[in-house]
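Okay, so the sequence shown: first residue is 1049 according to my numbering, each after it adds one. Beta carbons: idealized from backbone N, C-alpha and C, even for Gly. Just so we're clear, the structure is a prediction, and the values are computed from it rather than from any experiment. Here the structure is laid out as structure tokens; the discussion comes afterwards.
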Amino acid sequence: MKTTKIKIAAILLVVMTVGFSFTTINKVTVKGSDTMVILSQKWAEVYMKKNPGASIQVTGGGSGVGLAALINGSTDIANSSRPIKSSEVEKLKARYNTLGVEIPCAKDGLSVYLNKANPVASLTLKQIGQIFAGKITNWKEVGGPDAAIKLYGRESSSGTFGFFKDNVVKTDFSPTCQTLPGTAAIVNAVKKDKYSVGYGGAAYAEGVKDCAVKKDDKSAAVLPTAATIKNHTYPITRYLYMYLKSRPTGETKAFVDWILSSEGQAIIAEVGYYPLK
């Protein structure tokens, strides 16, 4: 009888220990913008080291995918490199009776990538838009060599695609623009193709050169740097956002608060983005 009681006590202790181990892990899921994956993973890594009881899971897929996951309840935080659409807000309202919570968390410059061997060094915003719309198809039209322009861009679920279309192209993309699943893939394609052009987050511009951008024909050409993105003199500057369906609580609130703290914001520059202040 005594042995049986000891066995029961041991089993209860194991059950309690296992139960305790599960309850002490505070899981937060983050999904969305591929542009923000590098940054969010770094935030998660540093935060979990400081808070061993937290589990921050970061995945990409694009801004639209992240916001869809927020709407269907499969993520706590949606990362987005574009503002949420009114249609997405309506879906949040219909499902949760909230308008969602928008949290700007960093700044980014959208680079126009050129192959290092391409002699073209600068373009106006209008020229870039016309190139990606298919209205300018040869580099000689913008002072370069007599060579056809090869276009690389993001898929339509990407927030970078949406921002670039709305603010630079301002019409439909050329049907010749080859869509790739991530910014790193665009950089890799431009690296290999002398007469190509692509676009994406400034943090990814390795092995290619940034095109200096002019607001118009009379403006100076500006490269995307920490200074020009912070002071908005670089013409293609944007905020990066986190979206939640309602005001955060618990570990999610602690994680968001830490991201917006001086410590969390200091990490932004380490991975090539720019803090809010």
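DSSP beta-bridge partners for I1104?
V1076.
Given that a residue counts as buried once 16 or more other Cβ atoms are within 10 Å of its Cβ, and exposed if not, what is E1311?
Counting C-beta atoms within 10 angstroms of its own C-beta, E1311 has fewer than 16 neighbours from the protein chains shown and is therefore classed as exposed.
Own chain residues within Cβ distance below 6 Å of F1070, not counting five before or after
Confidence is the limiting factor: at F1070 the pLDDT is only 42, short of 50, which leaves the residue's position unreliable, though a coordinate-based value still follows. Counting only Cβ-Cβ distances below 6 Å, and skipping sequence neighbours, we find nothing.
I'd like to check one pair, V1261 with G1248: are the Cβ atoms closer than 8 Å?
Judged by their CB atoms, G1248 and V1261 are not nearer to each other than the 8 Å cut-off.
Figure out for me which residue from G1177, A1092, Y1200 has the closest Cα to the Cα of T1219.
Closest by C-alpha distance to T1219, out of G1177, A1092, Y1200, is G1177.
Run of the alpha helix (DSSP H) containing V1113, from where it starts to where it stops:
Note, V1113: alpha helix (DSSP H), 1111-1120.
Below 8 Å on the Cβ atoms is my contact criterion, and I expect L1087 with Y1321 to pass it. Report the Cβ-Cβ distance as a whole number of Å.
At roughly 6 Å, the Cβ-Cβ gap stays under 8 Å, so L1087 and Y1321 are in contact.
How many Å lie between K1164 and K1139 at the Cα?
Distance between the alpha carbons of K1164 and K1139 is about 44 Å.
CB S1170 to CB N1127, shorter than 8 Å?
Not a contact, by the Cβ cut-off of 8 Å.
Does DSSP put S1081 in a helix, a strand or coil?
Coil at S1081, not helix or strand.
Counting Cβ pairs closer than 8 Å, one from the segment 1188-1204 and one from the segment 1277-1291, do we hit at least three?
No: fewer than three Cβ pairs fall under 8 Å.
For R1130, tell me which candidate among R1286, V1304, C1225, F1303 has the shortest Cα-Cα distance.
The option with the nearest alpha carbon to R1130 is R1286.
Given a cut-off of 8 Å on the beta-carbon distance, is the pair S1205 and V1078 in contact?
With contacts defined by Cβ atoms closer than 8 Å, S1205 and V1078 do not form a contacting pair.
Flag this pair as yes or no: are the beta carbons of A1251 and V1319 separated by less than 8 Å?
Note that the C-beta distance between A1251 and V1319 is below 8 Å.
Where L1324 falls, given that 16 or more other Cβ within 10 Å makes a residue buried
Around the beta carbon of L1324, fewer than 16 other beta carbons lie within 10 angstroms, which makes this residue exposed.
So L1162 and V1238 are in contact, right, with Cβ under 8 Å, and what is the actual spacing, rounded?
Going by Cβ atoms, the distance from L1162 to V1238 rounds to 7 Å, so yes, they are a contact pair.
Supposed contact pair E1150 and Y1289 - C-beta distance, whole angstroms, cut 8 Å
Confirmed, Cβ separation roughly 6 Å.
Is it a yes or a no for the segment 1178-1191 touching the segment 1218-1232, going by three-plus beta-carbon pairs under 8 Å?
Short answer: they touch.
So which of K1097, T1107, V1190 has the shortest CA-CA distance to K1174?
Per the C-alpha coordinates, the member of K1097, T1107, V1190 positioned closest to K1174 is V1190.
Is the beta carbon of I1132 sitting closer than 8 Å to the one on G1109?
Inclusion of I1132 and G1109 in the CB contact set at 8 Å is not warranted, their separation being larger than that value.
Identity of the residue in N1120, F1303, V1245, N1215 nearest T1227 by Cα
Per the Cα distances, V1245.
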